[in-house]
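Following: one structure in structure tokens, then a few remarks.
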Amino acid sequence: MINYLTNYFHNGTPRNFKIAIPTKYHEATEGLEHHEDNVQDASKSQTRACTIYDFRKQDTIFNYIDTPGLSDTEGVAQDDFNIQQIMGAAEQSGVLTAIILVINGTQARATVNLRNTLCLLRSSIPDVLLQNLVVVLTNCSATSVNFDLAHLKPWTIPEANIFHMNNSALSRPVSQWINNERMKKDLEREWEYSMETIDELIQSLKLFGGKATEAFKQMRINRDRIKSQLHSILLDVKKFQGLQNELGLCKCKHSHFRHYDDNVRPVKKTKTVEEILEDVKNAYDHHMNKCEKIESEIGDLDADVAALKHALDEKEVEIRKHCNQLKELCSQFNFVDELQGVIAVMDRDARTLTSTEARADAEKRIGNIKHVVDTLSSSGMSG
Numbered sequence: 001m002i003n004y005l006t007n008y009f010h011n012g013t014p015r016n017f018k019i020a021i022p023t024k025y026h027e028a029t030e031g032l033e034h035h036e037d038n039v040q041d042a043s044k045s046q047t048r049a050c051t052i053y054d055f056r057k058q059d060t061i062f063n064y065i066d067t068p069g070l071s072d073t074e075g076v077a078q079d080d081f082n083i084q085q086i087m088g089a090a091e092q093s094g095v096l097t098a099i100i101l102v103i104n105g106t107q108a109r110a111t112v113n114l115r116n117t118l119c120l121l122r123s124s125i126p127d128v129l130l131q132n133l134v135v136v137l138t139n140c141s142a143t144s145v146n147f148d149l150a151h152l153k154p155w156t157i158p159e160a161n162i163f164h165m166n167n168s169a170l171s172r173p174v175s176q177w178i179n180n181e182r183m184k185k186d187l188e189r190e191w192e193y194s195m196e197t198i199d200e201l202i203q204s205l206k207l208f209g210g211k212a213t214e215a216f217k218q219m220r221i222n223r224d225r226i227k228s229q230l231h232s233i234l235l236d237v238k239k240f241q242g243l244q245n246e247l248g249l250c251k252c253k254h255s256h257f258r259h260y261d262d263n264v265r266p267v268k269k270t271k272t273v274e275e276i277l278e279d280v281k282n283a284y285d286h287h288m289n290k291c292e293k294i295e296s297e298i299g300d301l302d303a304d305v306a307a308l309k310h311a312l313d314e315k316e317v318e319i320r321k322h323c324n325q326l327k328e329l330c331s332q333f334n335f336v337d338e339l340q341g342v343i344a345v346m347d348r349d350a351r352t353l354t355s356t357e358a359r360a361d362a363e364k365r366i367g368n369i370k371h372v373v374d375t376l377s378s379s380g381m382s383g
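Heads up: the sequence shown is residues 1 to 383, going by this note's numbering.
Dropping the structure here:
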């Protein structure tokens with residue numbers, strides 16, 4: 001797409017291609033920065049980092065952010081990494097006129113990779129920018145397109161924001177068509193149509209109002225805070241287990257020292273009555289001091305447990321608050337995908353707890369968080 005835009009703005013032709021990003025069959029000609037890896041492998045996204053390309057048309061400067069592709073052969077982990085780069089670049093841009101989704105128009109089936117990609121996109125684009133969403137269907141015309149726009153639901157893209165272009169001229173060597181009159185005419189005709197489509201796209205973009213990208217920043221902040229609070233709950237639950245263990249030990253000790261038993265072994269020694277009474281008093285005082293110390297420790301631990309429970313309650317409230325804020329920013333945000341990893345760790349750790357009270361408390365909190373996730377996810381599906 002960037003190479004076709006480069007040809008549009010730099011007046012390229014099939015006999016004089018203007019190449020910003022090198023391809024399998026064409027070297028770069030414009031001296032522009034790019035982050036392309038192995039241009040020979042078409043199954044992988046070539047762009048490894050977001051790159052800004054500036055073009056001028058009359059008195060207007062157009063800034064295009066070329067981003068890493070999604071749904072290639074490197075899998076879900078790479079897609080997750082790429083989407084974070086894309087969201088970061090959008091946030092840093094400050095203002096966006098449009099988000100252009102470039103989709104292979106020949107793809108008819110909603111494959112697993114495609115569904116994953118669309119899920120990622122729906123979970124990453126804030127609602128405030130949905131009116132500025134543009135779809136460019138490549139490798140096809142309006143009459144030959146196979147891609148079903150229903151795959152984008154619940155997004156609804158206005159017809160005026162949908163473009164078709166057969167941008168295949170750069171995907172073959174010049175030697176393959178230059179001496180074949182029929183192929184050359186077909187390619188030149190498709191090239192002309194593509195340039196007309198880009199011109200229509202440019203004219204449409206001029207009518208769009210720029211949208212601030214603050215929503216991307218707020219989404220990132222809320223996501224980070226939710227994960228931070230969940231990780232903090234993980235640590236606090238383990239601390240809760242430790243406190244319960246200490247409390248159990250102290251209560252055992254207290255039970256042991258609750259009654260005074262004079263376990264004195266008989267020895268043959270003559271003492272006065274006053275000495276015997278003094279020994280008994282000292283033993284009793286020692287016993288009572290131990291009891292008071294243990295009771296104090298139990299009181300301190302009870303207070304620590306209560307404080308920790310209160311802290312955990314507050315973190316739950318914070319998580320619910322940030323989840324709701326995230327939902328307001330991006331109504332299609334996928335909370336299950338975002339949080340299932342952390343929740344799985346919480347479930348696993350809860351099973352290792354040996355204190356009945358600590359385990360019950362942990363399971364209750366995990367259940368509360370799952371309920372929030374399910375509620376928000378259900379409302380997103382119905383919306």
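All C-beta atoms, glycine included, are put in the ideal place defined by N, C-alpha and C.
Since this is a predicted model, take the numbers as computed values, not measurements.
Item to check | Continuous alpha helix (DSSP H) stretch holding F17: start and end | outcome: Where F17 is concerned, there is no enclosing alpha helix (DSSP H), because DSSP gives it neither an H nor an E.
Checklist entry - Between the beta-carbon of L388 and the beta-carbon of V136, is there less than 9 Å? => result The question about residue 388 has no answer here: the residues shown for the chain are numbered 1 through 383.
Checklist entry - With which residues is Y53 paired in a DSSP beta bridge? => result According to DSSP, which records beta bridges pairwise, Y53 is partnered with Y64.
Checklist entry - Do you know how far the Cα of A344 is from the Cα of M195? => result Between M195 and A344, the C-alpha separation is close to 50 Å.
Checklist entry - What residue from N139, I100, S144, H151 has the CA that sits closest to L133's CA? => result Nearest in C-alpha terms to L133, of all of N139, I100, S144, H151, is I100.
Next on the checklist: Could you check whether Y25 and L170 sit closer than 9 Å to each other, using their CB atoms as the reference points?
Outcome noted: Yes; because the gap between Cβ atoms is below 9 Å, this pair is in contact.
Checklist entry - Given 8 Å as the limit, is there contact between the stretch 137-145 and the stretch 104-124, that is, 3 or more CB pairs closer than that? => result Contact holds: three or more Cβ-Cβ distances are below 8 Å.
Item to check | N- and C-terminal bounds of the beta strand (DSSP E) containing I202 | outcome: I202 -> not in any beta strand (DSSP E); alpha helix (DSSP H) instead, spanning 181-207.
Checklist entry - What separation, rounded to the nearest whole angstrom, lies between the Cα atoms of R365 and E316? => result Separation of R365 and E316 (C-alpha to C-alpha, rounded to the nearest whole angstrom) is 8 Å.
Checklist entry - What are the partner residues of L312, as DSSP defines its beta bridges? => result Beta-bridge analysis with DSSP links L312 to no other residue.
Checklist entry - Could you give the distance in angstroms between the alpha-carbon of T375 and the alpha-carbon of D66? => result Linking T375 to D66 through their CA atoms gives a straight-line distance of about 36 Å.
Next on the checklist: Which complete alpha helix (DSSP H) runs does the stretch 103-129 hold, if anything under 4 residues is left out?
Outcome noted: Entirely contained in the stretch 103-129, the alpha helix (DSSP H) runs reaching 4 residues are, in chain order, 112-122.
Checklist entry - In chain order, which continuous runs of the alpha helix (DSSP H) of length 4 or greater are located wholly inside the stretch 332-371? => result The qualifying runs are 335-350.
Item to check | Own chain, CB closer than 6 Å to Q229, minus 5 neighbours either side, in chain order | outcome: Residues of the same chain with a CB within less than 6 Å of the CB of Q229, apart from the 5 flanking positions on each side, are K315, E318, I319 in chain order.
Checklist entry - What's the C-alpha gap between K227 and C50? => result Straight across, the Cα-Cα distance linking K227 with C50 is about 26 Å.
Next on the checklist: Taking 9 Å as the threshold (C-beta atoms), are D361 and S123 in contact?
Outcome noted: The Cβ-Cβ distance between S123 and D361 does not fall below 9 Å.
Checklist entry - Would the C-beta of H231 count as close to the ligand NAD, meaning under 8 Å from any of its heavy atoms? => result Among the components of this structure there are no ligands whatsoever, and the ligand NAD is therefore not found.
Next on the checklist: Among R172, V342, N222, L121, whose alpha-carbon lies nearest the alpha-carbon of N82?
Outcome noted: Considering only R172, V342, N222, L121, the residue with the shortest C-alpha distance to N82 is L121.
Checklist entry - Buried or exposed: which applies to P154, given that a residue is buried once 16 or more other Cβ atoms fall within 10 Å of its Cβ? => result Burial is judged here by how many other beta carbons sit within 10 angstroms of a residue's own beta carbon; P154 has fewer than 16 and is exposed.
Checklist entry - With DSSP run on the structure shown, which of helix, strand or coil describes A77? => result Of the three classes helix, strand and coil, the one that applies to A77 here is helix, per DSSP.
Next on the checklist: What does the alpha-carbon distance come out to for the pair N334 and Q340?
Outcome noted: Between N334 and Q340, the C-alpha separation is close to 10 Å.
Item to check | In DSSP terms, what D143 is bridged to | outcome: Sequence inspection shows Thr at residue 143; the Asp mentioned does not correspond to that position. Under DSSP, T143 forms no beta bridge with any residue.
Checklist entry - Exposed or buried, which one is P68 when buried takes at least 16 other CB atoms within 10 Å? => result That one is buried.
Next on the checklist: Which of the three DSSP states is assigned to H10 in this structure?
Outcome noted: In the structure shown, H10 falls within a coil segment according to DSSP collapsed to helix, strand and coil.
Checklist entry - Going by Cα to Cα distance, which pick from N167, A212, W191, E159 is closest to S204? => result The candidate whose alpha carbon is nearest that of S204 is E159.
Next on the checklist: Quick check on the burial criterion: 16 or more other C-beta atoms within 10 angstroms. Buried or exposed for P126?
Outcome noted: Counting Cβ neighbours within 10 Å, P126 comes out buried, since at least 16 surround it.
Checklist entry - Identify the residues that DSSP records as bridge partners of I226: which are they? => result For I226, which the question treats as bridged, DSSP gives no partner whatsoever.
Checklist entry - Of the residues I233, L70, N7, A89, which one's Cα is nearest the Cα of L308? => result For the residues I233, L70, N7, A89, the minimum Cα distance to L308 belongs to I233.
Checklist entry - Name the DSSP beta bridge partners of I162, please? => result Bridge partners of I162 according to DSSP: V135.
Item to check | Cβ separation of R220 and E91, assumed to be a contact under 8 Å, to the nearest whole Å | outcome: Your pair R220 and E91 checks out as a contact, with CB atoms roughly 7 Å apart and the cut at 8 Å.
Item to check | Member of T272, N63, S141 whose CA lies at the smallest distance from the CA of I52 | outcome: The candidate whose alpha carbon is nearest that of I52 is N63.
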